[in-house]
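Peer 1:
In my numbering, the protein residues as written are 4 to 854.
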């Protein structure tokens, strides 16, 4: 479409030149008008203004009142697009006057519609509705279907600004129907964009993303630069709210570039606001302040009073984060005053929220509570569910600080109930759910901590569990066909009893609270027992493996993508104090020789299986995730079939000098060939171990075993690139998203690769490859926490599969394989045997294939 606009511009310029040569005034006027409209469609509003002024001059000169009115209308639209709203109103009024004079009812309607948009830009929403209703009535009268559609769109925007979101959706759906009927692709895009805004305001983020992506795609198709700007901006703001900050920056920068290109100062200011908020979330306060001050300057320049209030609010946020609470309060009060003057209820609520935060900082809980109550009333009035949750959280904090724990508890309950509803009903993409849950995890933590303070330990356990692995649980419900399960009430004592009754193995649920670890032990009989202990030892960085257990020199051959190790002491001394701190206090409560651990924070990357030789320890992300896996249909997981992958050929993956990046893993090849002989099963090795081949075969087998190089930060696996001459990352890296897109039937997945148990630690546990396999349907995953030695791992796996072959479960096989290395001459150091962790159920595998 952009090409067709450029072709039209070229054609009109030829037409203009011809008219100038022939001194044909009417042709010149028509060409100027068409050029102005073409440049407007292309997003070059200043060039459009120049041509429309030329058209206006000729219309005045020849006494063409209808043409003069048309030129005024076009100029008004162009000035509106560059945020000169008062000037736009002057031109639209002149158009309206002339349209009435010459009896142009259609033009009169358009003038009313344009005036409605201009007053909307000045936040005079009732006036905007009045003008757009006049536009709609005239469009119906003259049979202008396209005009009716535009009037519905304008009314939808006005009602959106008044926080009547369902009414906005109703009008925009009418606009969409008409745009499709008349073949207006640009109009369809705008309708999708407006619907995206409405669903965004209703916190239905997945729908908002879908609609805004449709808007952006159509805007690109038709060459609508202004539409592209808004689409990018809308998506940037959604990703910001979901905690996807890098994506937010990417989209908002695109929005900013286009806003500057087309001269949309108001849009430029909004983009700076979104960027500032994102940088603030990333704690880049200087950049955040720069962006918000630019927004404030632009908002004052173009008369955007709502934008000015938002800028005051965001500048105050930065000052508060920098510790200057009095200065922050000045800006928040300016925001509140501005919002009250223009009737911006959302702005008033946000200002009250921020003032509540400041009063809390000043330990004035009475004033803080009053501000949060004002915020809550407004949020409920306008239907902003996230703002409601925020207000409840603020009230919970304030009542807690006032030692009114029961009042605090009720507000935290309300807060997490809202977040549960939004996550479950409004977001479907896994990564977005993770980001949303991480962003709002504090509310779940505060809930269980208040319950602990009230000595309601059973309820505290379930509240803490409620905040764990939420996105994974949503996925498992779908994977195992459990979508009919009704949501469970938070902190239900009956729910805790149900989990306890199902417990057949001693289970410890851990929850970190600064330097204190809270431990709940669930046993076969009796109610959960809660103990807590202050930690006297440091906990490792939660986003890195426990390098204290790696050697200070790199092993000769490792399954690591970069083959480098950080220097650290090779010692078992670290295991004992960690065990004493975390499991020592509950050792007397443990029954039998098996233990399930639900870890928290940095403890998610602890080498649990290495803590005690006498204990078989495995991990689960949450109590309910284990419940879902063990309660999955009997027929779900396969009972036969194996996918054995080892030593992929990586010669084609080279550095810029053409040197191979990865060394061959001869013991990895021997490892899978040994397993293949036991199973009488074919293996994928060398050039056959491609990503494509793995994904083709992985869905139906009972056992998956991959022995290859792994990436340090994510555990992603490097496979052979196949036929690609110059392989890309997409050709050879097995990613989390690749696995999550597959429906697995595997009972056991063995990731015999370095760092396969690593990833980003969050309320989900470790978000990495091991979780991806659980997400996709694997019942149990054996993974590694750091880089593993090629030869030692082959020896480990030989012992592991020998135990499986004799009928032992995965946890028993793991325990004995670790002992095998500990007792060996060459591989007794912890770096060789300690990184292996079992996650999920304790399965048994039928190794002998049935023929």
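Quick reminder that beta carbons are idealized off the backbone N, C-alpha and C, glycines included. No experiment lies behind these values; they were computed from the predicted model shown.
Can you pull the DSSP bridge partners for residue 653?
Peer 2: As a first step, residue 653 is located in the chain shown; it is residue number 650 there, counting from the start. Beta-bridge analysis with DSSP links residue 653 to no other residue.
Peer 1: Measure from the alpha carbon of residue 74 to the alpha carbon of each residue in 59, 80 and 85, then state which is nearest.
Peer 2: The residue given as residue 74 occupies position 71 in the chain shown. That would be 59, whose Cα lies nearest to the Cα of residue 74.
Peer 1: What's the gap between the Cα of residue 205 and the Cα of residue 176?
Peer 2: In the chain shown, the residue the question calls residue 205 occupies position 202. In the chain shown, the residue the question calls residue 176 occupies position 173. If you take the alpha carbons of residue 205 and residue 176, they lie about 16 Å apart.
Peer 1: May I ask you to report which of helix, strand or coil DSSP gives residue 849?
Peer 2: Counted from its first residue, the chain shown places residue 849 at position 846. It is coil, neither helix nor strand.
Peer 1: Expressed to the nearest angstrom, what Euclidean distance is found between the alpha-carbon atoms of residue 422 and residue 532?
Peer 2: As a working mapping, residue 422 is identified with position 419 in the chain shown. As a working mapping, residue 532 is identified with position 529 in the chain shown. Cα to Cα, the separation comes out at about 29 Å.
Peer 1: Spatial neighbours of residue 640 within its chain, please: C-beta separation below 6 Å, excluding the five flanking residues on both sides.
Peer 2: Residue mapping note: residue 640 aligns to position 637 of the chain shown, counting from 1. Here the set comprises 748, 750 and 782.
Peer 1: Starting from residue 599, trace the beta strand (DSSP E) both ways and give me its first and last residue.
Peer 2: Working through the chain shown from its first residue, we reach residue 599 at position 596. Unbroken beta strand (DSSP E) run through residue 599: 597–601.
Peer 1: Can you tell me which residues form a DSSP beta bridge with residue 442?
Peer 2: Along the chain shown, read from residue 1 onward, the residue named residue 442 stands at position 439. Bridge partners of residue 442 according to DSSP: none are assigned.
Peer 1: Starting from the Cα of residue 482, find the closest Cα among 776, 99, 823 and 45 and give me that residue.
Peer 2: As a working mapping, residue 482 is identified with position 479 in the chain shown. Considering only alpha carbons, the answer is 776.
Peer 1: Who are the Cβ neighbours of residue 838 in its own chain at under 7 Å, not counting the five residues just before and after it?
Peer 2: The residue you call residue 838 lines up with position 835 of the chain shown. Excluding residues within five positions, the ones whose Cβ falls inside 7 Å are 610, 787, 788, 789 and 791.
Peer 1: Residue 241 by DSSP, collapsed to three states: which one?
Peer 2: Within the chain shown, residue 241 is the residue found at index 238, counting from 1. It is helical.
Peer 1: Could you please give the first and the last residue of the uninterrupted beta strand (DSSP E) stretch that includes residue 523?
Peer 2: Along the chain shown, one-based indexing puts residue 523 at 520. That run of the beta strand (DSSP E) goes 519–525.
Peer 1: For residue 516, which of helix, strand or coil comes out of DSSP?
Peer 2: Here residue 516 corresponds to residue number 513 of the chain shown, with the count starting at 1. Three-state DSSP puts residue 516 in a strand.
Peer 1: May I ask you to report which of helix, strand or coil DSSP gives residue 614?
Peer 2: Residue numbering aside, residue 614 sits at position 611 when the chain shown is read from its first letter. Coil, per DSSP.
Peer 1: Buried or exposed: which applies to residue 323, given that a residue is buried once 16 or more other Cβ atoms fall within 10 Å of its Cβ?
Peer 2: Here residue 323 refers to the residue found at position 320 when the chain shown is read from its first residue. By the 10 Å Cβ count, residue 323 comes out buried.
Peer 1: Should residue 329 go down as buried or exposed, given a rule of 16 or more other Cβ atoms within 10 Å for buried?
Peer 2: To locate residue 329, count along the chain shown from 1; it is residue 326. Its Cβ having fewer than 16 others within 10 Å, residue 329 is exposed.
Peer 1: The beta strand (DSSP E) spanning residue 536 covers which residue range?
Peer 2: As a first step, residue 536 is located in the chain shown; it is residue number 533 there, counting from the start. Note, residue 536: beta strand (DSSP E), 532–537.
Peer 1: Please classify residue 430: is it buried, with 16 or more other beta-carbons within 10 angstroms of its beta-carbon, or exposed?
Peer 2: Within the chain shown, numbered from 1, the residue matching residue 430 stands at position 427. The residue is buried, with at least 16 neighbouring Cβ atoms inside 10 Å.
Peer 1: What did DSSP end up calling residue 636 once you bin it into helix, strand or coil?
Peer 2: Here residue 636 refers to the residue found at position 633 when the chain shown is read from its first residue. For residue 636, the secondary structure class from DSSP, reduced to helix, strand or coil, is coil.
Peer 1: Name, in chain order, the residues that DSSP records as bridge partners for residue 687.
Peer 2: Here residue 687 is taken as the residue at index 684 of the chain shown, counted from 1. DSSP lists 648 as the bridge partner or partners of residue 687.
Peer 1: With distances taken between CB atoms, is the gap from residue 109 to residue 47 smaller than 8 Å?
Peer 2: Counted from its first residue, the chain shown places residue 109 at position 106. Counted from its first residue, the chain shown places residue 47 at position 44. No.
Peer 1: Can you have a look at residue 65 and say buried or exposed, based on whether 16 or more other CB atoms are within 10 angstroms of its CB?
Peer 2: Here residue 65 refers to the residue found at position 62 of the chain shown. Counting Cβ neighbours within 10 Å, residue 65 comes out exposed, since fewer than 16 surround it.
Peer 1: Using only the alpha-carbon positions, how far apart do residue 385 and residue 166 sit?
Peer 2: For the purposes of this step, residue 385 is taken as the residue at position 382 of the chain shown. For the purposes of this step, residue 166 is taken as the residue at position 163 of the chain shown. Distance between the alpha carbons of residue 385 and residue 166 is about 6 Å.
Peer 1: Going by DSSP, which residues form a beta bridge with residue 841?
Peer 2: As a working mapping, residue 841 is identified with position 838 in the chain shown. Beta-bridge pairing links residue 841 to 785.
Peer 1: Quick check: what's the CA-CA separation for residue 134 versus residue 30?
Peer 2: Here residue 134 corresponds to residue number 131 of the chain shown, with the count starting at 1. Here residue 30 corresponds to residue number 27 of the chain shown, with the count starting at 1. Near 33 Å, if we compare the C-alpha coordinates of residue 30 and residue 134.
Peer 1: For residue 708, which beta-bridge partners are listed by DSSP?
Peer 2: Within the chain shown, the letter at position 705 stands for residue 708. Bridge partners of residue 708: 647 and 753.
Peer 1: Does the beta carbon of residue 98 come closer than 8 Å to any beta carbon on chain B?
Peer 2: Absent from the structure is chain B; it holds one protein chain and no more.
Peer 1: Tell me whether residue 399 sits in a helix, a strand or coil according to DSSP, three-state version.
Peer 2: On the chain shown, position 396 is the one that residue 399 refers to. Residue 399 falls in the helix class under three-state DSSP.
Peer 1: Judging by CA-CA distance, which residue of 50, 104, 44 and 49 is the nearest neighbour of residue 72?
Peer 2: Here residue 72 corresponds to residue number 69 of the chain shown, with the count starting at 1. Among 50, 104, 44 and 49, the Cα nearest to that of residue 72 is on 104.
Peer 1: Given a threshold of 16 other Cβ atoms within 10 Å of its Cβ, counted over all protein chains shown, does residue 365 qualify as buried or as exposed?
Peer 2: Counted from its first residue, the chain shown places residue 365 at position 362. Burial call: exposed.
Peer 1: What is the rounded straight-line gap between the Cα of residue 637 and the Cα of residue 689?
Peer 2: As a working note, residue 637 is residue 634 in the chain shown. As a working note, residue 689 is residue 686 in the chain shown. Cα to Cα, residue 637 sits roughly 35 Å from residue 689.
Peer 1: DSSP three-state label for residue 105, please.
Peer 2: Here residue 105 corresponds to residue number 102 of the chain shown, with the count starting at 1. Of the three classes helix, strand and coil, the one that applies to residue 105 here is helix, per DSSP.
Peer 1: Does the segment 298–310 come close enough to the segment 331–339 to have 3 or more Cβ pairs within less than 8 Å?
Peer 2: no
Peer 1: Could you pull the start and end residues of the beta strand (DSSP E) that residue 2 belongs to?
Peer 2: Since the first and last residues shown for the chain are 4 and 854, residue 2 lies out of range.
Peer 1: Determine the burial state of residue 153: buried for a count of at least 16 other Cβ atoms within 10 Å of its Cβ, exposed for fewer.
Peer 2: For the purposes of this step, residue 153 is taken as the residue at position 150 of the chain shown. Buried, by the Cβ-count rule.
Peer 1: Using beta-carbon positions only, say whether residue 35 and residue 57 come within less than 8 Å of one another.
Peer 2: Taking the chain shown and counting its residues from 1, the one referred to as residue 35 is at position 32. Taking the chain shown and counting its residues from 1, the one referred to as residue 57 is at position 54. For residue 35 and residue 57, yes; Cβs fall inside 8 Å.
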